[in-house]
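What follows is a single structure, written as structure tokens, with notes after it.
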Amino acid sequence: RFRTNMIEALALDLDDAEEVEDDTDADLDGIDKRLGDLSESFNNCDHLGPETSSKNGSTGNRAAKNASLGSNPIEMIQKGFANKLNIPQLKELLAQEGVQNLSAMKKAMLVSIANKRFGGPQQ
């Protein structure tokens, strides 16, 4: 309503726009009075269980996940499981072997190079 009053004042070349009371703020006192002690008892409720984190939470445990894939990635490659390694693991392993331009390679190329370097199955 305030905006329309301002536009009206500009259109009619008035000095001041009509004052309008802003009632968009919530009446927190009225809400607290209506709720009473319900909000407090809800917050202290025991049967809801503990809070759980979201499924798409932080990736802080990514290193532990990568470590569980296998203790020795070279053995995995030799057994034919090079495709089970993720891209950062393959890049790190091949970088230690002196392979260059790893950032431009896709996983299929990394797996192929790893198989050639470490005696994995050739495709």
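Counting from 48, one number per residue, gives the positions in the sequence shown under the numbering used here.
Where is the CB? At the ideal position from N, CA and C, for every residue including glycine.
The structure displayed is predicted, hence computed values, not measured ones.
Buried versus exposed, by CB contacts within 10 Å (16 or more), residue i
i      : result
Leu85  : exposed
Ala129 : buried
Ala58  : exposed
Glu66  : exposed
Leu75  : exposed
Ile124 : buried
Ala114 : Residue confidence is low: Ala114 scores 49 on pLDDT, short of 50, so the model does not pin down where it sits. No coordinate-derived value is stated.
Leu82  : exposed
Gln136 : buried
Residue-level contact to chain C via CB, residue i, 8 Å cutoff
i     : result
Phe49 : Checking the listed chains, one finds no chain C in this structure; it contains a single protein chain.
Cβ separation of residue i and residue j, assumed to be a contact under 8 Å, to the nearest whole Å
i      : j      : result
Ile134 : Leu157 : 7 Å
Ile160 : Leu141 : 6 Å
Proximal residues to residue i (C-beta, below 7 Å), its chain only, five neighbours per side dropped
i      : result
Asp70  : none
Gly167 : Ile124, Gln125, Gly127, Ala129 and Ala161
His119 : A small correction: the amino acid at residue 119 is Asn; His does not occupy that position in the sequence shown. Excluding residues within five positions, none has a Cβ falling inside 7 Å.
Val146 : Ile160
Lys138 : Leu149 and Leu157
Chain-order list of residues whose beta-carbon lies under 6 Å from that of residue i (same chain, five-residue window excluded)
i      : result
Lys154 : Ile134
Residues near residue i by beta carbon distance below 8 Å, same chain, minus five either side
i      : result
Leu61  : Glu55
Glu144 : Arg164
- Let me know the beta strand (DSSP E) ranges lying completely inside the segment 112 to 159, each 3 residues or longer, listed in chain order. none
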